[in-house]
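Let me begin by presenting the structure, written as structure tokens, before commenting on it.
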Amino acid sequence: MDDCIIIGAGPAGLTAAIYLARYHLRIRMFDSGSSRAAMIPCTHNHAGYPEGISGKALLARMHEQARRYGAHCIPRRVTAIHPEDAGFRVATEDAEYRTRSVLLATGVVNHRPKGLLPDVHDPALERGLLRYCPVCDGYEVTDKRVGVIGTSDHGMREALFLRGFTRDVTLIAPDAAHDLDSGCAKALDEAGVARIDGPCGGWAIEGDRLALDTASGRMRFDSVYPAMGSRIRSELAVSAGARADPSGCLEVDDHQRTSVPGLFAAGDVVKGLDQISHAMGEAGVAATTIRNMLDRQQPIRR
Ligand SMILES: Cc1cc2nc3c(=O)[nH]c(=O)nc-3n(C[C@H](O)[C@H](O)[C@H](O)COP(=O)(O)OP(=O)(O)OC[C@H]3O[C@@H](n4cnc5c(N)ncnc54)[C@H](O)[C@@H]3O)c2cc1C
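Going by this note's numbering, the letters in the sequence shown line up with residues -1 to 300, in that order.
Take a look at the structure:
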């Protein structure tokens, strides 16, 4: 029986693995290979890397650190978590494992604009023509020409946030005409954010810009931010009985405990800042709470 099974090896899961392995606990970590961190061409807001670091390089360093303490990642998708009397059964596609606790660190998946296919999406992301996180990299678009794909309250908030970095912000509705109430429209007008109706299509990299068709014709931007929400990968915990908010973010207390005893969550799958540092901090709290919970059940002694 494992002490803890970690599901997800992004910044949250890997941080928890490092902590738990260093607490001399028996852990197992599964990952299905789609960390959002792996999409980061070069992060400049993650403290400690003044020259920046790519998400892939950061993950590789964290894997190496975890391995030094015996925490190896198993490349498998977890398909179910079954609570039992003394812990959980965790299922993958080909096996089942028993564990005293579970940490879910499965993250989220950003919704992408329709028609923005990998042949344009991936190189645009790599070149910073396409961005998903103004908190992370709004600084990099200072005084640039920026498009935001979105509408309603969420689109408005992202456009206004970006207005703090550049005066040239255009909010483009993804599918049809904008869906903005009078309060949103007024706030956008006051901030000088241009509004263009969708649908969007015809995505292409043209020189140093990302181009797309809109209801007002073809437009080109230095960077485009989709602001279309995310799918929260919380279904394993929700099926096991954990409470989530309407968007799917798991509810946790200030020790990262979900509403199911012994089931913890950290990182983007929990409502929060959706940042590497936040994911790491939550994972450190979760790992230490897991350690202390297990110690109360059966003292951890060398
Ligand atoms: C383009 C982009 C740029 C960003 N830039 C920055 C930045 O500069 N600074 C910053 O702080 N943040 C940045 N972020 C945000 C950052 O990537 C996330 O906040 C961070 O990766 C969250 O870590 P996590 O461990 O919670 O989730 P993730 O990194 O998404 O990891 C979750 C892991 O869980 C695995 N998983 C999911 N379901 C299962 C399952 N059923 N079984 C097994 N494994 C599963 C996935 O494969 C994945 O590897 C950026 C995000 C994007 C998309």
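Ideal Cβ placement from N, Cα and C applies to all residues, glycine included.
As the structure is a prediction and not an experimental result, all values here were calculated from the model.
Starting from R289 and walking both ways along the alpha helix (DSSP H), at which residues does that stretch end? Here residue 289 is taken as the residue at index 291 of the sequence shown, counted from 1. Its alpha helix (DSSP H) spans residues 274 to 295.
For H22, the three-state DSSP class (helix, strand or coil): By one-based count along the sequence shown, residue 22 stands at place 24. Of the three classes helix, strand and coil, the one that applies to H22 here is coil, per DSSP.
DSSP on R161, reduced to helix/strand/coil? Residue 161 sits at position 163 when you count from the first residue of the sequence shown. Coil, per DSSP.
Alpha carbon to alpha carbon, how far is G148 from I194? Give it in angstroms, no decimals. Residue mapping note: residue 194 aligns to position 196 of the sequence shown, counting from 1. Residue mapping note: residue 148 aligns to position 150 of the sequence shown, counting from 1. Straight-line Cα distance between these residues: approximately 10 Å.
Helix, strand or coil: how does DSSP classify A263 here? The residue you call residue 263 lines up with position 265 of the sequence shown. Three-state DSSP puts A263 in a strand.
In terms of residue numbering, what span does the alpha helix (DSSP H) encompassing V88 cover? Here residue 88 is taken as the residue at index 90 of the sequence shown, counted from 1. V88 -> not in any alpha helix (DSSP H); beta strand (DSSP E) instead, spanning 85 to 90.
Roughly how far, in whole angstroms, is the beta-carbon of D1 from the beta-carbon of L292, given that I think they are within contact range, below 8 Å? In the sequence shown, counting from the first residue as 1, residue 1 sits at position 3. In the sequence shown, counting from the first residue as 1, residue 292 sits at position 294. 6 Å between Cβ atoms; contact.
How is the beta strand (DSSP E) around H302 delimited, first residue to last? Outside the modelled stretch of the chain, which goes from -1 to 300, sits residue 302, for which no answer is possible.
Cut-off 6 Å between Cβ atoms - residues of its own chain near L114, not counting five sequence neighbours on either side: Position 116 of the sequence shown, counting from 1, holds the residue named residue 114. Correct list, in chain order: W201.
From what residue to what residue does the alpha helix (DSSP H) around S221 run? Reading the sequence shown from its first residue, position 223 is the one you call residue 221. Unbroken run through S221 is the beta strand (DSSP E), 221 to 224; no alpha helix (DSSP H).
Whether or not the region 114 to 130 and the region 251 to 271 are in contact is what I'm after, with contact meaning three or more pairs of Cβ atoms, one per stretch, closer than 8 Å; do they touch? no
Taking the straight line between their C-alpha atoms, what separation do you get for D117 and N290? One-based indexing of the sequence shown puts residue 117 at position 119. One-based indexing of the sequence shown puts residue 290 at position 292. Cα to Cα, the separation comes out at about 48 Å.
What residue range is occupied by the uninterrupted beta strand (DSSP E) comprising S228? The residue given as residue 228 occupies position 230 in the sequence shown. Note, S228: beta strand (DSSP E), 228 to 230.
Could you give the first and the last residue of the continuous alpha helix (DSSP H) run that contains A58? Locating residue 58 in the sequence shown gives position 60, counting from the first residue. From DSSP, the alpha helix (DSSP H) with A58 extends over 53 to 66.
Three or more C-beta pairs below 8 Å linking the region 153 to 167 and the region 244 to 256: The region 244 to 256 and the region 153 to 167 do not touch, with fewer than three beta-carbon pairs separated by less than 8 Å.
Going by CA-CA distance only, name the one from P9, R143, I4 that's closest to L23. For this step, residue 23 is matched to residue 25 along the sequence shown. Closest by alpha carbon: I4.
Sub-8 Å separation of A69 and I25 beta-carbons: Position 71 of the sequence shown, counting from 1, holds the residue named residue 69. Position 27 of the sequence shown, counting from 1, holds the residue named residue 25. Contact: yes.
Below 8 Å, can you find three or more Cβ-Cβ pairs linking the region 37 to 52 to the region 133 to 141? yes
Determine, using beta-carbon pairs with one atom in the region 75 to 89 and one in the region 208 to 228, whether at least three such pairs fall under 8 Å. no
Beta-ladder partner(s) of I3, from DSSP: Counting from one through the sequence shown, the residue named residue 3 turns up at place 5. Answer is R26, V100, bridged to I3.
Do you know whose CA, among G227, Q254, V258, lies nearest A240's CA? In the sequence shown, counting from the first residue as 1, residue 240 sits at position 242. Selected option, being the one with the closest Cα: V258.
Verify the CB distance criterion: does A19 have a CB-CB separation below 8 Å to chain D? The displayed structure is made up of one protein chain only, and chain D is not part of it.
Out of A78, E49, M60, L186, which has the shortest C-alpha to C-alpha gap to R231? In the sequence shown, residue 231 corresponds to position 233, counting from 1. Comparing Cα-Cα distances from R231 to each of A78, E49, M60, L186, the minimum goes to A78.
Sufficient close CB pairs (3 or more, under 8 Å) joining the region 95 to 113 to the region 53 to 70: no
In terms of DSSP beta bridges, what is V250 paired with? Sequence index remark: in the sequence shown, residue 250 carries index 252 (1-based). DSSP output for V250 lists no bridge partner at all.
Between the Cα of A192 and the Cα atoms of G205, G50, T168, which residue gives the shortest distance? Numbered from 1 along the sequence shown, position 194 holds the residue referred to as residue 192. For the residues G205, G50, T168, the minimum Cα distance to A192 belongs to T168.
Can you round the beta-carbon distance between T287 and Y17 to whole angstroms, since I take them to be within the 8 Å contact cut? Within the sequence shown, residue 287 is the residue found at index 289, counting from 1. Within the sequence shown, residue 17 is the residue found at index 19, counting from 1. No, T287 and Y17 are not in contact; Cβ-Cβ is about 10 Å, not under 8 Å.
Can you tell me which of Y223, A185, G181 puts its alpha carbon nearest to the alpha carbon of A171? Within the sequence shown, numbered from 1, the residue matching residue 171 stands at position 173. Nearest option by C-alpha distance: Y223.
Beta-carbon contacts of T164 that lie in its chain and below 8 Å, excluding the five residues immediately before and after: Position 166 of the sequence shown, counted from the start, is the residue given in the question as residue 164. Here the set comprises V139, T140, D141, K142, R143, V144.
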